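Right, dumping it as structure tokens:
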């Protein structure tokens, strides 16, 4: 009796690796039952002992079962290897062990069959049978099933059956319902005896395995196809739904302010179902608002939020959130040239290859046209080009501002571009002190909502705010009525070094001047320093046709990392990320996107126990700036609570009054980053009941925006003298030549005060 029970376990092990020919072998219960019966009644261990087990990259073959399946199947691990040593070990264990008939290798065997569970469940649903449990029995069974579905061991074993982690919770939730409704007396008694833990997990898993192979055979087959396509040289093969379609691409190519995106959005809004993919949350919000205002119901999906509009067939999303599983008629992928971005290019590659849309509009400059053509040809799909020219001319002024009085020469409609927060506020103070004009600010650390508020103030001729001081964040996502762009500098700090601003960025930012619908007939661009004018002219003279994005960014789907991890057991997650990048094989059109921040976070979380690979991936890809110690510390705290399954709320403390200094405003910016981080993790977390209090977190985000609005007003009204002194000190120490009229600043400050008093009170309240 013991041998038969042991070889039932062998039969189950064999089933786990016969999925490469699943449709012929295991898709029918008859074939599985026949083999299981053969194991139990004919002592197939004699055949197992005679099995050909080769260890140098070849398969294990069981002739008897191959005969039963009419042609046989190579036994290969679904994790990618051709050799399955644990199968041979199980066969040897079963033959050599003289243990009790209730276990194999110490693992309990199920006291009932799947057929008995399903029969009991059917009877209970019809009201003609089923087992009634006491309160205590219900609690124990529920705890055992909950422990089973949350076990990382079960998740790893399920992967061997091609149950990817993405659907693991869905599958185990279904299985739990089957067990609760169809539980037999024998299974009840067994679970009551062992309780939650490893023993109950191993007792339930054979039932789960047999059941899932029947109930989820289509999902298993689809995932098996993806495993076959894990080679990164053919990334378009990862997206089976898109490959089942014949898609058509329209590349709208042209400079900024040429109308290319407008035409694409018209096609989107005319479609029955549409998807817009934005490079920034700010731009996704803009299209979301525009569509709904024009009567096209549209939902919004970003890393921090899901605003589902009832009845909406259109979605505006950040490009990382684009679905490759939901078919649409028309999709728009904006700023396609960012496919070559070192960090984020993978998101554009994924959208280009994976969005299941009949028609896909690509918007951007022409630098990526050749690369896109190659990728589309690889997919065997159609591509057409539509070219656009600027609506208004763009001119470079002959003289820089330092020859015309410095920032005293700034005029209404100007946008001064700097590349650090410190410089932005210093320049804002200098302009306000020396010209009497009010200046809005836009930079990356400001929440999107605040950037939109500042843009509206700048565009409103009656607001009293006539100048913008911004970082390169103004280059995308904001419609600004700019007369002239002024580059404070053409050098940018990139984390550890300073480098010249790229030609493509200069073109993108300069092109914002002279917007078609603004009052300006043409756009102007200049620099603060005369020494930068020659480089500015050189960059703008480069034809778009000569600019080239040579390679497309790529990064593996999570499932690729998951499967790779199964082949290198014991490797830490930081090591796994490095090893995967080293060993990946790429086609000549692709490069592996930088993952420095991922590895940095992975190292910070490396010693935390109880985090699965998917958990670690979730935290490593969370929106956090690792250079910000405060935000990073919150991420680590959230991960600590998550691995212990402790309730994790936002846990921030907001000030009651608006900040009165730029330094205090920085604290609010950090808290908003932390709030965005928490909201993102709450959306993506697989564990239920850990991230709690979403409504409170959303309220905190709104409160931060309100405090920032009031803070901007306070900074303008109450701290002008202090800001003036700080700006003067910065000009003396760090920005020589910032202004040649500092000696007149006090008189200009008086003129500024007069304009401040005359400014409409309503505009001030709207800051």
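Residue numbers (UniProt numbering): 1 to 767. All C-beta atoms, glycine included, are put in the ideal place defined by N, C-alpha and C. These numbers come from a predicted model, not from an experiment.
Check: Report the residue ranges of all alpha helix (DSSP H) runs contained in full by the stretch 487 to 518; include only those spanning at least 4 residues, in chain order.; Outcome: 503 to 510
Check: Measure how close the beta-carbons of residue 410 and residue 435 come, nearest whole angstrom, since I'm counting them as under 8 Å.; Outcome: 6 Å
Check: Could you please give me the residues that DSSP links to residue 553 through a beta bridge?; Outcome: 591
Check: So what does DSSP say about residue 523, is it helix, strand or coil?; Outcome: strand
Check: What's the gap between the Cα of residue 540 and the Cα of residue 260?; Outcome: 20 Å
Check: Per DSSP, what kind of secondary structure is residue 272 in: helix, strand or coil?; Outcome: coil
Check: Out of 300, 216, 707, state which residue places its alpha-carbon closest to the alpha-carbon of residue 310.; Outcome: 300
Check: I'd like to confirm the pairing. Which residues does DSSP put opposite residue 291 in its beta bridges?; Outcome: The partner list for residue 291 (beta bridge, DSSP) is empty, contrary to what the question assumes.
Check: Can the beta-carbon of residue 333 be found less than 8 Å from the beta-carbon of residue 360?; Outcome: yes
Check: Closer than 6 Å by C-beta to residue 501: which residues in its own chain qualify, once you throw out the five before and the five after it? Chain order, please.; Outcome: 490, 492
Check: Rounded to whole angstroms, what is the Cα-Cα separation between residue 488 and residue 454?; Outcome: 20 Å
Check: Indicate whether residue 255 and residue 511 have their beta-carbon atoms separated by less than 8 Å.; Outcome: yes
Check: Under the three-state reduction of DSSP, which class applies to residue 349: helix, strand or coil?; Outcome: helix
Check: Taking the Cβ atom as the reference point for each residue, do residue 448 and residue 285 lie within a distance shorter than 8 Å?; Outcome: yes
Check: Have a look at residue 222 and residue 521 and give me their C-alpha separation to the nearest angstrom.; Outcome: 56 Å
Check: So what does residue 482 bridge to, in DSSP terms?; Outcome: 513
Check: Considering just the uninterrupted stretch of the alpha helix (DSSP H) at residue 195, what are its terminal residues?; Outcome: No alpha helix (DSSP H) holds residue 195; DSSP gives it neither H nor E.
Check: Grab the span of the beta strand (DSSP E) containing residue 361 for me, first residue to last.; Outcome: 357 to 364
Check: Between which residues of its own chain and residue 684 is the CB-CB distance below 7 Å, once the five residues before and five after are set aside?; Outcome: 618
Check: Mind checking which residues open and close the alpha helix (DSSP H) that includes residue 474?; Outcome: Here residue 474 belongs to no alpha helix (DSSP H), and DSSP marks it neither H nor E.
Check: For residue 716, count neighbouring Cβ atoms within 10 angstroms of its own Cβ and tell me buried if that reaches 16, exposed if not.; Outcome: buried
Check: Using the C-alpha atoms, what's the distance from residue 431 back to residue 438?; Outcome: 8 Å
Check: Whole angstroms are fine: how far does the CA of residue 131 sit from the CA of residue 182?; Outcome: 7 Å
Check: Helix, strand or coil for residue 440 per DSSP?; Outcome: strand
Check: Between which two residues does the beta strand (DSSP E) containing residue 768 stretch?; Outcome: No answer is possible for residue 768: the residues shown for the chain start at 1 and end at 767.
Check: Among the residues of its own chain, which have a CB less than 6 Å from the CB of residue 220, if the five just before and after it don't count?; Outcome: 162
Check: Could you please give me the residues that DSSP links to residue 299 through a beta bridge?; Outcome: 315
Check: Measure how close the beta-carbons of residue 829 and residue 147 come, nearest whole angstrom, since I'm counting them as under 8 Å.; Outcome: Given that the chain is displayed from residue 1 to residue 767, the structure contains no residue 829 and the question cannot be resolved.
Check: Distance check for residue 677 and residue 637, CA to CA, integer angstroms please.; Outcome: 12 Å
Check: Relative to the alpha-carbon of residue 508, which residue among 117, 257, 251 has its alpha-carbon at the smallest distance?; Outcome: 257
Check: So, for residue 407: in the same chain, excluding its five sequence neighbours on each side, which residues have a beta-carbon less than 8 Å away from its beta-carbon?; Outcome: 401, 416, 427, 430, 431, 434, 435, 528, 738, 739
Check: Who are the Cβ neighbours of residue 544 in its own chain at under 6 Å, not counting the five residues just before and after it?; Outcome: 365, 366
Check: Have a look at 176, 122, 295 and flag the residue whose alpha-carbon is nearest the alpha-carbon of residue 145.; Outcome: 176
Check: Thinking C-beta only, is residue 387 closer than 8 Å to residue 253?; Outcome: yes
Check: Enumerate in chain order the residues of its own chain whose CB-to-CB distance from residue 143 is below 7 Å, with the five nearest sequence positions on each side excluded.; Outcome: 196
Check: In whole angstroms, give me the CA-to-CA distance for residue 696 and residue 702.; Outcome: 10 Å
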